[in-house]
DNA sequence: AAATCCAGTTCGAAATTTTGTAACTTGTGT
DNA sequence: ACACAAGTTACAAAATTTCGAACTGGATTT
């Protein structure tokens, strides 16, 4: 392995875990000769990967990283990244998979994998659905900031679409708490009769939940209790997508 | 200069300007041996600076950059970064310098350099002021998204604080357009009698105008026409601060 | 004001590391 | 099934980095 690169990465990782460091500080903490560190910093400085506080003369990570990060963010395409995972989920469950996002008011379907079974669900990419009675909606809503959650709940009308739709605000708040605890959401015929779903949240580089992935089943074929056996796989897939979107820790 | 680092930086810069590249593509575009490129990519992959699309096997910039960028963003402190610049502006103009931000409704003073002259302006860090009749407020507002600008203008009451306060909505919209054109804003006794100001916008890594820096003068000592002679220096300082906050291009 | 100390910087010979050829493997398309 | 292109590995040659040492400059102490 190119030792030069490894040493450079070690310096970057050290700078990452500190705010500002002097040459000496790096010398003390890493087993790299100070003249080598000096040479590396000088070159990195020139290319913007490291910057120097003009007053304190201390080193920190360069703004080049910001520049690169914004380019990565612009190039990240949730559908491209997630599609393979959705296919695999479809393969495993043989049920309908949806990828959804939240437009501030409702859930929007942005990708879909069809079940191979003859009876399929009716849904289309681009369709919208209420947040309060879909697993995907609840999975996203549950992990938003308190202020946002409250203002959205205030605007909800809780119109029952099925006999299972949650119409009580307190019960809905409890349901969200339960989702936060368990890490996934369910919909037991709350949106459409005879359809049940489970959904898991997807985070991106900003650490915010921006999307959800869900498995939907027709109850005559698969009861909610059986659908829930897929929860660990679902959450795992969602976590993998999050990672690929730049979510860390 | 350590050639290994320089080569690594060149590879990163190439990846930056493309979405996904194969080893061959990098080999074609850079004068670096393919086995070297391969070795570098392998090591960079291990440390997360480069990632590989598992399907296409193509390389792109790693999510480590996102990780590092969020740390940089968290550590950036506008006051620390700008203070030296504000001092220099105070030195040059010998007038009062303010650093301001926008809380969604009004302008907030977050730093101040006093004029050395006996007669000083009354203002304190933490104070708030209207956006529509201060140079700083207008400098920030002028560069917000259209939707935001409109919704803020809708809420403005245009209460005259001096005889020069702009009270006509159309005139105010024209003034904002003028600021966008010129790159700086003025306040000719629109907020307080006998005080004039010029202000320039400051952008951060997100490319949005988040702050403004302003020079305020007491008209008996310095008329607006004279204050405006500092505009180029002011805009230059604001641009420098923007750069240090990670703003590029 | 001189002296001391500490961090940072530069230099060059020694030597380790990178380099790049070449051979091999994998995968893709015909 | 073959041919071709891309990707991967190994190794000896060589060029680069390395690191000790010496120097500079700034800060602190005597």
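Residue numbers (the numbering used here), protein chains in the order written: chain W, 1137 to 1385; chain F, 1137 to 1385. A virtual CB, placed ideally from N, CA and C, is assigned to each residue, including glycine.
Sorting F:1171, F:1350 and F:1369 by C-alpha distance to the C-alpha of residue 1274 of chain F places F:1350 at the top.
Annotation: the continuous alpha helix (DSSP H) that includes residue 1176 of chain F extends over 1170-1183. The beta carbon of residue 1279 of chain W sits no closer than 9 Å to any beta carbon of chain F.
Residue 1365 of chain W counts as exposed, since fewer than 16 other C-beta atoms from the protein chains shown sit within 10 angstroms of its C-beta. Per the Cβ contact rule, the segment 1200-1208 of chain F is in contact with the segment 1202-1214 of chain W (3 or more Cβ pairs under 8 Å). The alpha-carbon of residue 1369 of chain W is positioned some 30 Å away from that of residue 1288 of chain W. Contact holds between the segment 1261-1273 of chain F and the segment 1241-1251 of chain F, because three or more Cβ pairs, one in each stretch, are under 8 Å apart. Taking every protein chain shown into account, the CB of residue 1327 of chain W has 16 or more other CB atoms within 10 angstroms, so this residue is buried. For a cut-off of 8 Å, the C-beta gap from residue 1360 of chain W to residue 1322 of chain W is around 7 Å, short enough to register as a contact. Residue 1334 of chain F and residue 1372 of chain F have their alpha carbons spaced roughly 13 Å apart. Looking only at F:1155, F:1374 and F:1170, the smallest Cα-Cα distance to residue 1210 of chain W is reached by F:1155. Out of W:1236, W:1299, W:1312 and W:1226, the CA that lies nearest to the CA of residue 1268 of chain W is found in W:1312. Here residue 1318 of chain W is exposed: its Cβ has fewer than 16 other Cβ atoms, across all protein chains shown, within 10 Å. Bridge partners of residue 1334 of chain F according to DSSP: F:1322 and F:1351.
DSSP places residue 1196 of chain W inside the beta strand (DSSP E), whose first and last residues are 1195-1197. Sequence-distant partners of residue 1252 of chain W (beyond 5 residues in either direction) whose C-beta falls short of 7 Å from its own C-beta, in its chain, are 1230. Straight-line measurement puts the Cα of residue 1339 of chain W at about 17 Å from the Cα of residue 1367 of chain W. Burial is judged here by how many other beta carbons sit within 10 angstroms of a residue's own beta carbon; residue 1346 of chain W has at least 16 and is buried. Setting aside the 5 residues that flank it on each side, residue 1143 of chain W is surrounded in the same chain by 1168, each with a C-beta closer than 6 Å to its C-beta; the list follows chain order. Per DSSP, residue 1258 of chain F has no beta bridge partner at all.
Taking a C-beta distance under 9 Å as the contact criterion, residue 1212 of chain F and residue 1381 of chain F qualify as a contact pair.
In the DSSP assignment, residue 1201 of chain F falls within the alpha helix (DSSP H) that extends over 1200-1211. Against chain F, the CB of residue 1175 of chain W has a partner CB under 9 Å away; the residue lies at that interface. Close to residue 1137 of chain F, with beta-carbon spacing below 7 Å, are these residues of chain W in chain order: 1179. DSSP places residue 1234 of chain F inside the beta strand (DSSP E), whose first and last residues are 1232-1238. The criterion of a C-beta distance shorter than 9 Å is satisfied by residue 1302 of chain W and residue 1294 of chain W. Proximity of residue 1188 of chain W to chain F, defined by a Cβ-Cβ separation below 9 Å, is not satisfied. Burial check for residue 1363 of chain W: the Cβ neighbour count within 10 Å reaches 16 or more, so the residue is buried. For residue 1166 of chain F, no Cβ of chain W is located within less than 9 Å of the residue's own Cβ. Counting along the chain, residue 1357 of chain W sits inside no alpha helix (DSSP H), nor does DSSP assign it H or E at all. Of the residues F:1336, F:1153 and F:1241, the one whose Cα lies closest to the Cα of residue 1195 of chain F is F:1153. Taken in chain order, the members of the segment 1330-1361 of chain F whose beta-carbon sits within less than 7 Å of a beta-carbon on chain W are 1341.
Comparing alpha-carbon positions, the option among W:1336, W:1375 and W:1330 lying closest to residue 1357 of chain W turns out to be W:1330. Out of F:1188, F:1353 and F:1341, the CA that lies nearest to the CA of residue 1379 of chain F is found in F:1341.
Within 7 Å of the CB of residue 1183 of chain F, the CB atoms of chain W belong to 1145, in sequence order along the chain.
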